[in-house]
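Everything below concerns the one structure shown next.
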Amino acid sequence: MPSFHDLTLTNIHKSTRNAVVLTLKSADPAQFKFKQGQYLTFRRDFNGVELRRSYSISAGRSEGILQVGIKQVDGGTFSTWANTDLAVGDVMQAMPPMGSFSTKLEANAQKTYLAFAGGSGITPIISTLKTILATEPNSQFTLIYANQNVNSIMFREELEDLKNTYLSRLTLIHILERDSQNIDLFTGRIDAEKCDLLFKHWVNITSVDTVFICGPEPMMHAIDASLKTHGLTKDQIKFELFTAPQQGRAAQPAKHQNTALPDGTQTTITLDGATRSFTIAQNQSLLEAGLANKIDIPFSCKAGVCLSCRCKVLKGEVEMIANHALEDYEVEKGYILSCQSYPLTAELMVDYDQ
Ligand code: FES
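Counting in numbering that gives the first Met the number 0, the sequence shown runs from 0 upward without gaps.
Structure follows, in structure tokens:
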């Protein structure tokens with residue numbers, strides 16, 4: 000089970016007016032070895048209330064550094080603190096890297112990658128882009144990056160530098176909602192119509208092996224639908240949905256109403272090698288019940304997005320009301336997200352250590 004570790008802030012770079020890139024150092028670097036596209040979950044106490052937030056790693060794997068990008072969101076306590084109060088030398092607490100927003104790297108691969116990023120959704124994408132270009136010298140990468148205007152483009156200079164470094168292998172297209180550009184197609188929002196035109200004039204979609212998408216949810220769904228219309232399969236499309244809880248939207252859907260278990264569910268969990276038992280009351284999620292019983296179940300988003308609360312069902316059954324993080328094969332093997340899981344049986348046994 001992942002636990003929190005101290006990370007020392009060694010550099011703060013203002014990427015845009017309201018976004019910072021933090022460079023962090025661990026006393027135990029092996030714990031923070033990461034794959035491209037992964038994220039860190041941070042925790043901090045704000046006036047007696049612990050907040051946990053996940054932010055994607057923006058560094059490439061071969062860079063030898065640990066960096067995350069944090070965009071300040073309206074009313075976002077953690078992101079505002081990170082953007083305004085942090086100073087070099089401060090210590091932050093984070094869990095080791097998590098997430099599966101990546102594909103296998105192969106030095107001999109000759110693949111064509113396409114990525115769509117919206118706003119701060121660039122953070123895991125730039126990690127992926129840098130890693131792939133450095134690791135697969137025969138692969139091509141096209142990034143379509145949507146922003147409101149030029150000033151809101153995170154990593155703008157770094158992307159330009161990468162374009163110059165990988166002139167023949169990296170194609171960079173900025174789509175700006177408010178600023179007009181030389182080419183009309185590059186102004187506006189990314190929707191189905193924009194995708195059609197991009198695929199007609201700029202991207203040979205039939206040659207694309209894998210697509211990465213990270214950004215606002217409506218944009219991601221529009222792109223996903225368009226890609227499928229243009230013949231791509233589900234396996235070729237990788238999603239990273241992480242913005243919802245960060246923007247203060249409802250952390251959890253309406254409570255599940257399970258009237259069939261008036262006495263609740265007798266639950267046994269294994270966590271860090273220890274076994275504990277408690278009862279999950281009606282309309283309580285596994286995570287809620289565990290925390291109410293003072294069990295330190297890992298969590299961050301409470302919205303089925305971050306994967307922190309993943310565990311495996313060994314006995315019994317649950318209804319998982321949302322899942323934006325587990326792959327189909329994991330669900331088939333019995334993995335669930337505790338924050339989204341409500342028991343359907345009188346007995347439940349789960350394991351967080353598998
Ligand atoms: Fe993030 Fe459950 S806490 S998926």
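Glycine included, every Cβ here is placed at the ideal spot set by N, Cα and C.
For I294, which residues from the same chain have a beta carbon less than 8 Å from its beta carbon, with the 5 sequence-adjacent residues on both sides left out? As a position in the sequence shown, residue 294 is number 295, starting the count at 1. Excluding positions up to five away in sequence, the list reads I268, L270, R275 and F277.
Quick one: what does DSSP say Y165 is sitting in, helix, strand or coil? Residue numbering aside, residue 165 sits at position 166 when the sequence shown is read from its first letter. Y165 falls in the coil class under three-state DSSP.
Short check: CB of G98 to CB of Y38, under 8 Å? As a position in the sequence shown, residue 98 is number 99, starting the count at 1. As a position in the sequence shown, residue 38 is number 39, starting the count at 1. Yes, the Cβ-Cβ distance between G98 and Y38 is below 8 Å.
Kindly provide the chain-ordered list of residues whose Cβ lies closer than 7 Å to any non-hydrogen atom of the ligand FES. Every residue whose beta carbon comes nearer than 7 Å to a heavy atom of the ligand FES appears here in chain order: L286, F298, S299, C300, K301, A302, G303, V304, C305, L306, S307, C308, A324, L336, S337, C338 and Q339.
Just to confirm my understanding: we take S14, look at its own chain, exclude 5 residues before and 5 after, and list those with CB closer than 7 Å. What are they? Residue numbering aside, residue 14 sits at position 15 when the sequence shown is read from its first letter. V20, G68, M153 and F154, listed in sequence order.
Identify the residues that DSSP records as bridge partners of N146: which are they? For this step, residue 146 is matched to residue 147 along the sequence shown. Bridge partners of N146: L175.
Whole angstroms is fine: what's the gap from S284's alpha carbon to G47's? Counting from one through the sequence shown, the residue named residue 284 turns up at place 285. Counting from one through the sequence shown, the residue named residue 47 turns up at place 48. Taking C-alpha positions only, S284 is separated from G47 by approximately 24 Å.
Taking buried to mean at least 16 other C-beta atoms within 10 Å of its own C-beta, is Y328 buried or exposed? Sequence index remark: in the sequence shown, residue 328 carries index 329 (1-based). By the 10 Å Cβ count, Y328 comes out exposed.
Limits of the unbroken beta strand (DSSP E) element including L113: Taking the sequence shown and counting its residues from 1, one reaches residue 113 at position 114. Note, L113: beta strand (DSSP E), T111 to G117.
Enclosing beta strand (DSSP E) for V48 [first to last residue]: Your numbering for residue 48 matches position 49 in the sequence shown. DSSP places V48 in the uninterrupted beta strand (DSSP E) bounded by V48 to S55.
Check whether A106 and S61 have beta carbons under 8 Å apart: Locating residue 106 in the sequence shown gives position 107, where the first residue counts as 1. Locating residue 61 in the sequence shown gives position 62, where the first residue counts as 1. No, the pair does not count as a contact, with Cβ atoms beyond the cut-off.
In the structure shown, what three-state DSSP assignment does K301 receive? Residue mapping note: residue 301 aligns to position 302 of the sequence shown, counting from 1. In this structure, K301 counts as coil in the three-state DSSP scheme.
With a threshold of 16 other CB atoms inside 10 Å of the CB of G116, please say whether the residue is buried or exposed. Taking the sequence shown and counting its residues from 1, one reaches residue 116 at position 117. It should be pointed out that residue 116 corresponds to Ala in this sequence rather than to Gly. Buried, since its Cβ has 16 or more Cβ neighbours within 10 Å.
Quick check on this structure: which residue in P95, Q35 and W80 has the alpha carbon closest to the alpha carbon of F3? To locate residue 3, count along the sequence shown from 1; it is residue 4. Closest option to F3, Cα to Cα, is P95.
Delimiting residues of the beta strand (DSSP E) encompassing T269: By one-based count along the sequence shown, residue 269 stands at place 270. First-last of the beta strand (DSSP E) with T269: T264 to L270.
Considering just the uninterrupted stretch of the beta strand (DSSP E) at M348, what are its terminal residues? Here the question's residue 348 lines up with position 349 in the sequence shown. Counting along the chain, the beta strand (DSSP E) containing M348 begins and ends at E346 to D350.
Can you say whether A18 is buried or exposed, counting buried as having 16 or more other CB atoms within 10 angstroms of its CB? Residue numbering aside, residue 18 sits at position 19 when the sequence shown is read from its first letter. Answer is buried; the Cβ neighbour count reaches 16.
With respect to the alpha helix (DSSP H) encompassing H220, which residues constitute its N-terminal and C-terminal limits? As a working mapping, residue 220 is identified with position 221 in the sequence shown. Its alpha helix (DSSP H) spans residues E216 to T228.
Neighbour flag for C305 against chain B, beta carbons, 8 Å: Structure shown: chain B not included; a single protein chain is present.
Note down, in chain order, each residue of its chain lying with its Cβ closer than 7 Å to the Cβ of G303, except the 5 sequence neighbours on either side. Position 304 of the sequence shown, counted from the start, is the residue given in the question as residue 303. So the qualifying residues of the chain are A321, N322, H323, A324, L336, C338 and Q339.
How close, in whole Å, do the beta carbons of I11 and L85 come, if the pair is a contact with beta carbons under 8 Å? As a first step, residue 11 is located in the sequence shown; it is residue number 12 there, counting from the start. As a first step, residue 85 is located in the sequence shown; it is residue number 86 there, counting from the start. Rounded to whole angstroms, the Cβ separation of I11 and L85 is 6 Å, and the two are in contact under 8 Å.
Grab me the residues of A280's own chain with a C-beta within less than 6 Å of its C-beta, minus the 5 sequence neighbours each way, in chain order. Locating residue 280 in the sequence shown gives position 281, where the first residue counts as 1. The beta carbon of A280 sits closer than 6 Å to the beta carbons of G263 from its chain, once the five residues preceding and following it are set aside; these are given in chain order.
Ignore the nearest five residues each way along the sequence and tell me which others in E316's own chain have a CB closer than 7 Å to its CB. Reading the sequence shown from its first residue, position 317 is the one you call residue 316. Correct list, in chain order: L343 and T344.
Return the bridge partner residues of M153 from the DSSP annotation. By 1-based counting over the sequence shown, the position of residue 153 is 154. According to DSSP, residue pairing for M153 in a beta bridge does not occur.
Buried or exposed (CB count within 10 angstroms, at least 16 for buried), V87: As a first step, residue 87 must be located in the sequence shown, where it is residue number 88. Classification of V87: exposed, given that the 10 Å Cβ count is below 16.
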